[in-house]
Structures are given as C-alpha cells and as structure tokens.
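Enquirer: My structure is below; once you've seen it, I'll send some questions.
Number of protein chains: 2
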Amino acid sequence: MTNILIIGGGGMIGQKLARLLADQGWQGEPAEVTLYDVGFPQNGADASRRIVGNLTENGAAVGLASTRPDIVFHLAAIVSGEAEQDFDTGWQVNMFAGWSLLEALREQHEASGGTYRPRVVFASSIAVFGAPFPDQIGDEFLTAPLTSYGAQKAISEMMLSDFSRKGFVDGISVRLPTICVRPGKANKAASSFFSSIIREPLNGRKVILPVSDTVRHYHASPKSAAGFLNHAAGLDTGQLDGRLSLNMPGVSCTVAEQIQALSDIAGAGTVALISHDEDPEVAKIVGGWPQDFDATRARALGFQAETSFRDIIQTYIDEDLGHS
Amino acid sequence: MTNILIIGGGGMIGQKLARLLADQGWQGEPAEVTLYDVGFPQNGADASRRIVGNLTENGAAVGLASTRPDIVFHLAAIVSGEAEQDFDTGWQVNMFAGWSLLEALREQHEASGGTYRPRVVFASSIAVFGAPFPDQIGDEFLTAPLTSYGAQKAISEMMLSDFSRKGFVDGISVRLPTICVRPGKANKAASSFFSSIIREPLNGRKVILPVSDTVRHYHASPKSAAGFLNHAAGLDTGQLDGRLSLNMPGVSCTVAEQIQALSDIAGAGTVALISHDEDPEVAKIVGGWPQDFDATRARALGFQAETSFRDIIQTYIDEDLGHS
C-alpha cells in the first residue's frame, strides 16, 4: 500500500488533502495516510495515523523519514503575517525545518543504497514573487520576494530542486495562489481578509474590508489546492526539465469583482455586511503582491482550478458552509 | 577610519580587491582593511590585518561581527566543481556559513540599538541561472540554477535581501560573470578552462580545451570583478527598489572569439599550444550556463566592465603575466 505522509496534515489544506485521499485513495487504491502536525482539529479527516509533533524539534525529521514514506507532502509553515512579526520562528519553521526533512530523506536514500527516492511535494506560494510585476506573470519571471515568508518559500524550493537534481528525492514545488474561501477563523496571514469578506457575510456576520476594492489578486479554492498537491504527487517529474517549481492556475479578480460574485450568489443584504476600513499595513503588504499569472506550464501539465470567482464561492458553500 | 572586512580575502578576487583598496583607499581616504581566509598567498596584498580562520567554525562569524566592520565583503566560497563533488561541504560553506554571518551581524545591529547596520557586499554568480535561456538574459529572468553552487548563491542572495529588507544590514549582491583570465593555477571550477586556454599559452605552456569552440559565455576580468565589488560597497542601495541582486556587465563571446583575440595579441604560435579534447562532463555543465546578459540595471548604476575579450586578455598581461 502506498505510504503517504502529510506534514502539516492538521492544517486547513492538509485536512482537505487528507479527505481527498480518504475518499479517492491514491490512484484508485486505498493508501496508508499519516498526518503529522502540532495539533489537529476535532472531527478532522480520517487517516491511518495522526502524529502530534513539531518538525523543528531535534530528531523529528529523522523519525518521520525512517518510516520511508513513498510520498511526502510538506505543507507545514508559519503563515506570512506571523513570519513577518517573528523573524526567528519564521526562518526556523519555514526554512530550517524543511532542510532537516530533506537531509533526513537523503539519509534514508543513502541507507537504501539509492533505491529509496520519495516523491516530495512542497506547498510553495505566489509570495515568492515581489513587485513590480507585469500585469500577468509568466513562468520565467524572477522570484524577488518582499516578505520573509516569500523568501523562505523560494529558498525551500531551491533546496528541494537541488536535492532532486542530485537524485536524493523526487521533488516538485507547487506555488499556490491565495487560497479562498478559507473555512473557520481568520488566521494571521495578511491575505486572510480575502476569505473573510466572503465567509463572514455568508455566515451572517459583519466583516471589515481593509483594502480598496480595486485591489486585484489571484485565487484558488481549498479544494483546488488539495487537487494541485494530489496531481503533483502523481506527475512524471521528467516532464519538468529540471524546473521543479510551478505557478498554479487560478482566478484573477478585483475585490469589487469578488463582492459582485457574492452579491450574485447571496444577494445585496449579504454584501451589506461588508464595510470598508483601510488598514495601511495590510494594504502595503497586499500592494506588493502579484495580480495575475499565465500558469502556462502548470495548465499544460494538467493542473486545474476554478475559472470564475463565483465557482470559488460555490465550492465554499458546497464543502464548508454550515460544517464549521 | 572606515573599517573594511573581506571574508575570502586570501582568494584571487579578494586579493585584487585588497590591492585596489590599498592603492586607492576607500573613497579617497585610507581604510582599515582586514582580510579573513583559510590561508593567504605569499607576497599577497597589503592589509591592516590578516586573520586565518574558517567561517564554518563555531563562533567564527560572531568573532568577526564583534569588530563591527562598516563594510563586509563576503567572497568566501567553495567553487562550482567542488560544491558539485562534495555536497555537504558546499552547503556548509556556501550557504550555512553565510547565514551565520548574517545572524552575527544582526546580533550586533540589535546590540547597538539599531545604529550599526553594515554594508554587506555578497559575491554572487551568474551560476544562479540555469538553461534554457533566452540569447540575452534580462534583469527579470528567473533563477533556476542547475548546480549546487548556483543554488547556494541564489539562496544566499535571498537571505541577504531579507535581512536587508528588515534593516539588520544594508546588503547588495553582485552576480559576477565568469572571471577571466584568472592568474595562477587552474582551480576546481568547471569554468577554469576559460582562463587556462589564455593563461597557459601566454606562459608558453600547452593547454587542453575541453569543450567545442562554438561555446558562448560571458566574462569579466579579475580587475573588473574587484571594481564591481568596490562600486557596490559605495552605492546608495535606496536606488535598488528592494531588488538587491544585480547582473554585472561583461563580454559575451565564443571560445573561437577568445582564441582569435589571443591570436591577435600573441600570434599563431601561441594559439598553437591549445589542443581540443572534449571532456563530456565539463561540456555538459558548461552547456547549462548562460551566454549573455543585458545587465541594464547594473550599467545604469555605473558598474563598468571591459567591452572586448582583447581588453580582458590585455588586463591579464598588464596585471598578472610574469607576476605569478
């Protein structure tokens, strides 16, 4: 049975991925899925095993690697706002823990005489890019991050690429759009409001929009994010010609278009729960973010996302509204 | 007096830079120059102080930072061929030692109440780029390195950028072209032959060309490299708009053009000392290297290099021939 490890398996996307694997298995067969995280939600996704632990702890990566998972999803991270506030923790979790994981997997690769070479799927982010941008970012645009989080993600991608080039692991990095609509509570990511302005009104609660509604950004649903990771795990990486980091497809729209889509689905009364109160700090961070991607390579490789923000809202309604 | 630290000050470029500072001082005034390296050449450049040490040793970075240099040139590295052969040492020297340096400087920044914020000039490399390339690489092209050395340099750039963005240091990364003509012995860099095919014949010795003479690559002299670093140290980094890594100007030419320039300067008899014997491993590495850059930003910021390969050979003859 395929042995799958999801590091960060207690997080929102980790749980979506675990549910997808529990429902569909791995390539049609049941899989042994281990979730690893600092904590898990109540009534969480089914899995073969849940391990509570912290990848930054001494020996944690070595322990996980010693089980020789066939596929490792590495989703564990401190989010952007938190990494910006706590420099040390951001680098420890988002970079050094990933290095330890790669080293531990390499040790198993070498101990196996080279036969063990796990697929590693790394959840990266469009935060690897920094302004100024072209209107639509192509697949050969430079990574010049403007946040610590973005730098840590870009660096982790490069480490994974080099370990893969050397044949120690078989890696791929998936640069996720801003995931929207996130269920549950707001988190410390500066992007959190993109979800809140949809989720809160749909739950009958007031919400504050901290930026101008002319802000344009790039989104995919949690369902698509889990789909990207699952698709990446099964891809023939020989097709990537050594460029293992892929910009995912998504929906580019303004906040005004987001709100219009909400109005189309739920009516003007729901939209009236949104009020505008600019937060200069959030506006500044978001002003440095990309607006659109062509995602040519990822689309050609079969990655699929929603094609409208209405679909993104509908996914939230179908999957999460009333469940959280 | 300006306190200048050159880490890697015993190396070829470090020595050129030390000589430049000994001759011209720092912005017209004498400077206190400390050279730090694992070893120094005999009859080396003058300096206020030479320290023998290894930046990978525990406490080494902390000790260097405690002297609070105004300017830190970080040139210490394992070269590309060696980093490819010895994965662990490459990462330790080319990445982790740089991280320790940044952390040690940040500690001094914080201990000073934020007043200490040294200029850090990092010697990066065009090895941060990996094929396939456009014919001429622009300033917004992605860094997708195809060697461990290139990955380590690209990662170090991003760390320096983030420490600078946070205000801990005031950094700039200078992506050096392949430096040519290197005096002295061949080193383990895969690019070493670009120098050998000029240097050895000029010294009356036979040499083997391990690649086809149609190979096109991008060069600057050691004198220009020292000039780039010196210019970077004095630049107002506010002009960089947060993009702190710069592709340096240089000369793009084929090996055939290099050999023609040698013939123009030294005659057919000298060129006859070159024989062709393809080394598939070197040819493969070099095949993944860039051919040309526009270097628009660096030129606009006043960085200057040779404009022909003949000038590059002449610089070697003027500065190094007969001295080594």
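These protein sequence lines are chains X and A, in that order. Each residue of the first sequence is one higher than the last, beginning at 1 in UniProt numbering. Each residue of the second sequence is one higher than the last, beginning at 1 in UniProt numbering. For every residue, glycine included, the Cβ atom is placed at its ideal position computed from N, Cα and C. Note that the coordinates shown come from a computational prediction; the quantities given were computed from them, not determined experimentally.
1) Using a C-beta to C-beta distance shorter than 7 angstroms, which residues of chain A count as neighbours of K166 (chain X)?
2) List the endpoints of the continuous beta strand (DSSP E) containing S125 (chain X).
3) Expressed to the nearest angstrom, what Euclidean distance is found between the alpha-carbon atoms of I51 (chain X) and V79 (chain X)?
4) Residues of chain A with a CB under 8 angstroms from the CB of L146 (chain X): which are they?
5) I'd like the list of long-range same chain contacts for V282 (chain X), defined as Cβ closer than 8 angstroms, with 5 residues on each side in sequence excluded.
6) Which value, in whole angstroms, describes the spacing of the CA atoms of P290 (chain A) and P177 (chain A)?
7) List the residues of chain X whose Cβ lies closer than 8 angstroms to the Cβ of I155 (chain A), in chain order.
8) Between A45 (chain X) and A76 (chain X), is the Cβ-Cβ spacing less than 7 angstroms?
9) To the nearest angstrom, report how far apart I172 (chain A) and S275 (chain X) are at their CA atoms.
10) Can we count D170 (chain X) as close to the ligand NAD, meaning its CB is less than 6 angstroms from some heavy atom?
11) What first and last residue would you give for the alpha helix (DSSP H) that runs through V271 (chain A)?
12) Within the chosen definition, does the segment 140-150 of chain A reach the segment 102-111 of chain A through at least 3 CB pairs nearer than 8 angstroms?
13) Under 9 angstroms Cβ-Cβ, which residues of chain X neighbour A31 (chain A)?
14) By the DSSP assignment, the alpha helix (DSSP H) with Y36 (chain A) in it spans what residues?
15) Identify every residue that forms a DSSP beta bridge with Y218 (chain A).
16) Can you list, in chain order, the residues of the segment 95-119 of chain A whose Cβ is nearer than 7 angstroms to any Cβ on chain X?
17) Can you say whether R49 (chain A) is buried or exposed, counting buried as having 16 or more other CB atoms within 10 angstroms of its CB?
18) With a threshold of 16 other CB atoms inside 10 Å of the CB of M1 (chain X), please say whether the residue is buried or exposed.
19) Tell me which residues share the same chain as N54 (chain X) and place their Cβ nearer than 7 angstroms to its Cβ, disregarding the 5 neighbours each side in the sequence.
20) Can you pull the chain A residues whose beta carbon is under 7 angstroms from the beta carbon of A295 (chain X), in chain order?
21) Under 7 angstroms Cβ-Cβ, which residues of chain X neighbour D162 (chain A)?
22) State the start and end residues of the unbroken alpha helix (DSSP H) segment that holds I78 (chain X).
23) Are the CB atoms of E278 (chain A) and K188 (chain A) nearer to each other than 7 angstroms?
24) Could you compute how far the alpha carbon of I259 (chain X) sits from the alpha carbon of I198 (chain X)?
25) DSSP has T315 (chain A) in a bridge; who is on the other side?
26) Mapping the DSSP letters down to three states, classify V174 (chain A) as helix, strand or coil.
27) Can you find a C-beta in chain X that's less than 7 angstroms from the C-beta of G9 (chain A)?
28) Counting only beta-carbon separations shorter than 7 angstroms, does L35 (chain A) have a partner in chain X?
29) Got a sec: is the Cβ-Cβ distance from L142 (chain A) to anything in chain X below 7 angstroms?
30) According to DSSP, W26 (chain A) sits in a beta bridge with which residue or residues?
31) For I4 (chain A), which of A:E32, A:M12, A:L20 has the nearest alpha-carbon?
32) Can you name the residues of chain X whose CB is closer than 8 angstroms to the CB of G238 (chain A)?
33) How long is the line joining the alpha carbons of I137 (chain A) and F293 (chain A), rounded to whole angstroms?
34) Could you check what DSSP says for L64 (chain A) in three-state terms: helix, strand or coil?
35) Out of curiosity, what's the CA-to-CA distance linking S245 (chain A) and G90 (chain A)?
Expert: Per the coordinate set shown:
1) Reading the first sequence from its first residue, position 166 is the one you call residue 166 (chain X). In chain order: F87.
2) On the first sequence, position 125 is the one that residue 125 (chain X) refers to. Looking at the DSSP string, the run of the beta strand (DSSP E) that includes S125 (chain X) is 119-125.
3) The residue labelled residue 51 (chain X) in the question sits at position 51 within the first sequence. The residue labelled residue 79 (chain X) in the question sits at position 79 within the first sequence. For I51 (chain X) and V79 (chain X), the distance between alpha carbons rounds to 21 angstroms.
4) In the first sequence, residue 146 (chain X) corresponds to position 146, counting from 1. Neighbours of L146 (chain X) on chain A, chain order: R165, G242.
5) Locating residue 282 (chain X) in the first sequence gives position 282, counting from the first residue. Here the set comprises A190, F193, P210, V211.
6) If you number the second sequence from 1, residue 290 (chain A) lands on position 290. If you number the second sequence from 1, residue 177 (chain A) lands on position 177. So the alpha carbons of these two residues sit roughly 10 angstroms apart.
7) As a working mapping, residue 155 (chain A) is identified with position 155 in the second sequence. The answer, in chain order, is I155, M158, M159.
8) As a first step, residue 45 (chain X) must be located in the first sequence, where it is residue number 45. As a first step, residue 76 (chain X) must be located in the first sequence, where it is residue number 76. Taking 7 angstroms as the Cβ cut-off, A45 (chain X) and A76 (chain X) do not qualify as a contacting pair.
9) To locate residue 172 (chain A), count along the second sequence from 1; it is residue 172. To locate residue 275 (chain X), count along the first sequence from 1; it is residue 275. Going by the C-alpha atoms only, they are around 42 angstroms apart.
10) What this structure holds is no ligand at all, so the ligand NAD is not there to describe.
11) Here residue 271 (chain A) refers to the residue found at position 271 of the second sequence. 268-271 is the span of the alpha helix (DSSP H), which, as asked, contains V271 (chain A).
12) no
13) Here the question's residue 31 (chain A) lines up with position 31 in the second sequence. Residues of chain X passing the Cβ test: none, with the nearest at roughly 32 angstroms.
14) Residue mapping note: residue 36 (chain A) aligns to position 36 of the second sequence, counting from 1. Looking at the DSSP string, Y36 (chain A) is not in any alpha helix (DSSP H); the run it does join, the beta strand (DSSP E), is 32-37.
15) Against the second sequence, residue 218 (chain A) aligns to sequence position 218. Y218 (chain A) is bridged to A:S252.
16) none
17) The residue labelled residue 49 (chain A) in the question sits at position 49 within the second sequence. With fewer than 16 other Cβ atoms within 10 Å, it is exposed.
18) Taking the first residue of the first sequence as 1, we reach residue 1 (chain X) at position 1. Its Cβ having fewer than 16 others within 10 Å, M1 (chain X) is exposed.
19) For this step, residue 54 (chain X) is matched to residue 54 along the first sequence. Cβ neighbours of N54 (chain X) beyond the five flanking positions: V38, A60.
20) By one-based count along the first sequence, residue 295 (chain X) stands at place 295. Those do not exist, as A295 (chain X) stays about 14 angstroms from chain A at its closest Cβ, beyond 7 angstroms.
21) Residue 162 (chain A) sits at position 162 when you count from the first residue of the second sequence. Here the neighbours are S148, A151.
22) Taking the first sequence and counting its residues from 1, the one referred to as residue 78 (chain X) is at position 78. Neither: I78 (chain X) is in no alpha helix (DSSP H) and is coded neither H nor E.
23) For the purposes of this step, residue 278 (chain A) is identified with residue 278 of the second sequence, where counting begins at 1. For the purposes of this step, residue 188 (chain A) is identified with residue 188 of the second sequence, where counting begins at 1. No, the pair does not count as a contact, with Cβ atoms beyond the cut-off.
24) Position 259 of the first sequence, counted from the start, is the residue given in the question as residue 259 (chain X). Position 198 of the first sequence, counted from the start, is the residue given in the question as residue 198 (chain X). Taking the straight line from one Cα to the other gives about 8 angstroms.
25) For the purposes of this step, residue 315 (chain A) is taken as the residue at position 315 of the second sequence. For T315 (chain A), which the question treats as bridged, DSSP gives no partner whatsoever.
26) By one-based count along the second sequence, residue 174 (chain A) stands at place 174. Note: V174 (chain A) maps to strand in three-state DSSP.
27) In the second sequence, the residue the question calls residue 9 (chain A) occupies position 9. No, G9 (chain A) does not count as interfacial toward chain X.
28) The count along the second sequence starts at 1 and reaches residue 35 (chain A) at position 35. Chain X, which has no Cβ nearer than 7 angstroms to the Cβ of L35 (chain A), makes this no.
29) The sequence position of residue 142 (chain A) within the second sequence is 142, counting from 1. True, the Cβ-Cβ gap to chain X drops below 7 angstroms.
30) Counting from one through the second sequence, the residue named residue 26 (chain A) turns up at place 26. BP columns for W26 (chain A) point to A:E29.
31) One-based indexing of the second sequence puts residue 4 (chain A) at position 4. I4 (chain A) has its Cα closest to that of A:E32, out of A:E32, A:M12, A:L20.
32) Numbered from its first residue, the second sequence carries residue 238 (chain A) at position 238. Neighbours of G238 (chain A) on chain X: none; closest Cβ ~15 angstroms, over 8 angstroms.
33) Stepping through the second sequence from its first residue, residue 137 (chain A) is reached at position 137. Stepping through the second sequence from its first residue, residue 293 (chain A) is reached at position 293. Approximately 4 angstroms, taken between the alpha carbons.
34) Position 64 of the second sequence, counting from 1, holds the residue named residue 64 (chain A). DSSP places L64 (chain A) in helix when its eight states are reduced to three.
35) Residue numbering aside, residue 245 (chain A) sits at position 245 when the second sequence is read from its first letter. Residue numbering aside, residue 90 (chain A) sits at position 90 when the second sequence is read from its first letter. If I take the Cα positions, the gap works out to 21 angstroms.
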